[in-house]
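Asker: Chains as they are written, first to last, in the working numbering: chain Y, 1 to 171; chain E, 1 to 171.
2 protein chains.
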Amino acid sequence: MDLNDHLRDIPNFPKPGIIFKDITPLLGHAEAFAESIRALSAPYTDSAITAVVGIESRGFIFGAAMARYLNCGFVPIRKPGKLPAHTISRSYDLEYGSDCVEIHADALAAGERIVIVDDVLATGGTLAAAVGLCQDIGADIVGAACLVELAFLRGRSTITCPLHTVITIGE
Amino acid sequence: MDLNDHLRDIPNFPKPGIIFKDITPLLGHAEAFAESIRALSAPYTDSAITAVVGIESRGFIFGAAMARYLNCGFVPIRKPGKLPAHTISRSYDLEYGSDCVEIHADALAAGERIVIVDDVLATGGTLAAAVGLCQDIGADIVGAACLVELAFLRGRSTITCPLHTVITIGE
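(1) Residues bridged to I49(Y) by DSSP?
(2) Note the first and the last residue of the continuous beta strand (DSSP E) segment covering D9(Y).
(3) So A67(E) contacts chain Y; which residues on that side make the cut at Cβ distance below 7 angstroms?
(4) Chain E partners of T126(Y), CB-CB under 9 angstroms?
(5) Could you please give the first and the last residue of the uninterrupted alpha helix (DSSP H) stretch that includes G59(E)?
(6) Please tell me whether L150(Y) and V120(Y) are closer than 8 angstroms, where the distance is taken between their beta carbons.
(7) Using 10 angstroms around the beta-carbon of E112(Y), count the other beta-carbons present and answer buried if the total reaches 16, otherwise exposed.
(8) Go through its chain and collect everything with a Cβ distance to A39(E)'s Cβ below 6 angstroms, but skip five positions before and after it.
(9) Is there contact here, the region 21 to 41 of chain Y with the region 76 to 94 of chain Y, by at least three beta-carbon pairs under 8 angstroms?
(10) In three-state terms, what does DSSP make of L163(Y)?
(11) Contact between the region 97 to 111 of chain E and the region 131 to 141 of chain Y: three or more CB pairs below 8 angstroms?
(12) For E35(E), which residues in the same chain have their Cβ closer than 8 angstroms to its Cβ, ignoring the five residues on either side in sequence?
(13) Just to confirm before moving on: does the CB-CB distance between A178(E) and V53(E) stay below 8 angstroms?
(14) For Y69(Y), count the other beta carbons within 10 Å of its own beta carbon; 16 or more makes it buried, fewer makes it exposed. Which is it?
(15) Beta strand (DSSP E) containing P76(E): first to last residue?
(16) Whole angstroms are fine: how far does the CA of R156(Y) sit from the CA of G124(Y)?
(17) If P11(Y) and I10(E) are in contact, beta carbons under 8 angstroms, what's the gap, nearest whole angstrom?
(18) What three-state label does DSSP hand G54(E) in the structure shown?
(19) Looking only at DSSP bridge pairs, what is K15(Y) linked to?
(20) Tell me which same chain residues have a C-beta within less than 8 angstroms of the C-beta of E31(E), skipping the five on either side of it?
(21) If we ignore side chains and look at the alpha-carbon of each, how far apart do L94(Y) and P80(Y) end up?
(22) How far does the beta strand (DSSP E) with G143(E) in it extend, from its first residue to its last?
(23) Thinking C-beta only, is G59(E) closer than 8 angstroms to V117(E)?
(24) Check T87(Y) in the structure and name its three-state DSSP category.
(25) In this structure, what does DSSP give as the bridge partners for V41(Y)?
(26) Helix, strand or coil for R156(E) per DSSP?
Here it is, written out as structure tokens:
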């Protein structure tokens, strides 16, 4: 199965000139969704992963299904103000301005073996901040996994842990 | 296993006087997360479900894992402006003001058999709007499922399809 066949391009979203990779056709197709979870999880099936960390919002979809596939816990990284207990946060630069991600300070015990998951790797700002957050709380980051890598944006160079991607676009 | 033991109360979140039910300890516990997916899915294992519809953001976590458990597709309902293709939307009233949810207009074929999922049923506004959206696009709504029901808020009375909840608080 070529998972790329289950993505679709949406021109000019979220703004003019951008071609957005829409993953919803893949999600809606039972076999394609199942195959995406197998492919994302493949490097980690013998890695004694204790938690999958998913990045809000689409990273929740892949991360939660991976956590069940790998039979481990799921930990959310969220946008500011969404997590109810004590959090730590990381800011990162955007093209215009900055953004921030948060994790519960008690979400991961020191030495937990984790995979960090998002749907699409673009410039890498969000994922790099997520990797930093998990380092801050002492987790053992086995790797980061994204379904789609927009290789022409060179986000891979910003990620300081092993990176696994399933679909590569525009090398 | 008593799943309620894996929730925790966070006082005064998101505002003073509210006791927030935090599901993140449950998510982080592999066995509790697995049991929550089994319990949420139990009424539907022989229902020929074709898609689980999850409500952003925490509904994505339970909904995606349920879609894999039931071996069907996953369809997201999102906040306004997040879905890239043509959408339909429903507004609903909040205590102060209103909010809105959206679904891709082509996300579900007429007659698809679906379950709509969220983490917590409070006053029911979001879930009732999601049910309305799925009716608007002609899906066959087999049921709605929430992990936690805050029964004292009487949200159940607003839901016009069969409703399954796993943990009931404050009857």
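C-beta atoms are modelled at their ideal positions from N, C-alpha and C, and glycine is treated no differently.
Answerer: Here's the rundown:
(1) Locating residue 49(Y) in the first sequence gives position 49, counting from the first residue. I49(Y) is not bridged to any residue.
(2) In the first sequence, counting from the first residue as 1, residue 9(Y) sits at position 9. From DSSP, the beta strand (DSSP E) with D9(Y) extends over R8 to P11.
(3) To locate residue 67(E), count along the second sequence from 1; it is residue 67. In chain order: F33.
(4) Mapped onto the first sequence, residue 126(Y) falls at position 126. Correct list: empty, because the minimum Cβ distance to chain E is about 15 angstroms.
(5) As a first step, residue 59(E) must be located in the second sequence, where it is residue number 59. Looking at the DSSP string, the run of the alpha helix (DSSP H) that includes G59(E) is R58 to Y69.
(6) Here the question's residue 150(Y) lines up with position 150 in the first sequence. Here the question's residue 120(Y) lines up with position 120 in the first sequence. Going by C-beta atoms, L150(Y) is nearer than 8 angstroms to V120(Y).
(7) Along the first sequence, read from residue 1 onward, the residue named residue 112(Y) stands at position 112. By the neighbour-count rule (16 or more Cβ atoms within 10 Å), E112(Y) is buried.
(8) Translated into positions along the second sequence, residue 39(E) becomes position 39. Excluding sequence neighbours, A39(E) sits near V166.
(9) A contact is defined here as three or more CB-CB pairs under 8 angstroms, and the region 21 to 41 of chain Y fails this definition with respect to the region 76 to 94 of chain Y.
(10) To locate residue 163(Y), count along the first sequence from 1; it is residue 163. DSSP, reduced to helix, strand and coil, places L163(Y) within a strand of the structure shown.
(11) By the criterion of at least three beta-carbon pairs nearer than 8 angstroms, the region 97 to 111 of chain E is not in contact with the region 131 to 141 of chain Y.
(12) As a first step, residue 35(E) must be located in the second sequence, where it is residue number 35. Taken in chain order, the residues that qualify are M1 and L3.
(13) With chain E represented from 1 up to 171, any question about residue 178(E) goes unanswered, as that position is not in the structure.
(14) For the purposes of this step, residue 69(Y) is taken as the residue at position 69 of the first sequence. Label assigned to Y69(Y): buried.
(15) On the second sequence, position 76 is the one that residue 76(E) refers to. G73 to I77 is the span of the beta strand (DSSP E), which, as asked, contains P76(E).
(16) Residue numbering aside, residue 124(Y) sits at position 124 when the first sequence is read from its first letter. Residue numbering aside, residue 156(Y) sits at position 156 when the first sequence is read from its first letter. Roughly 7 angstroms separates the two Cα atoms.
(17) Translated into positions along the first sequence, residue 11(Y) becomes position 11. Translated into positions along the second sequence, residue 10(E) becomes position 10. Not quite, the Cβ-Cβ distance comes to about 42 angstroms (not below 8 angstroms), so this is no contact.
(18) Position 54 of the second sequence, counted from the start, is the residue given in the question as residue 54(E). DSSP places G54(E) in strand when its eight states are reduced to three.
(19) Numbered from its first residue, the first sequence carries residue 15(Y) at position 15. According to DSSP, which records beta bridges pairwise, K15(Y) is partnered with nothing at all.
(20) Position 31 of the second sequence, counting from 1, holds the residue named residue 31(E). If we look at E31(E) and ignore the five residues flanking it on each side, its Cβ neighbours are M1.
(21) Here residue 94(Y) refers to the residue found at position 94 when the first sequence is read from its first residue. Here residue 80(Y) refers to the residue found at position 80 when the first sequence is read from its first residue. Going by C-alpha positions, L94(Y) is about 15 angstroms away from P80(Y).
(22) Numbered from its first residue, the second sequence carries residue 143(E) at position 143. That run of the beta strand (DSSP E) goes D140 to L150.
(23) What you label residue 117(E) is simply residue 117 of the second sequence in a count that begins at 1. What you label residue 59(E) is simply residue 59 of the second sequence in a count that begins at 1. Cβ atoms of V117(E) and G59(E): closer than 8 angstroms.
(24) On the first sequence, position 87 is the one that residue 87(Y) refers to. The answer is strand: DSSP assigns T87(Y) an E or B state.
(25) Along the first sequence, read from residue 1 onward, the residue named residue 41(Y) stands at position 41. Just to set this straight, residue 41(Y) is Ser in the shown sequence, not Val. Note: S41(Y) sits in no beta bridge, so no partner.
(26) The sequence position of residue 156(E) within the second sequence is 156, counting from 1. Reduced to three states, the DSSP call for R156(E) is helix.
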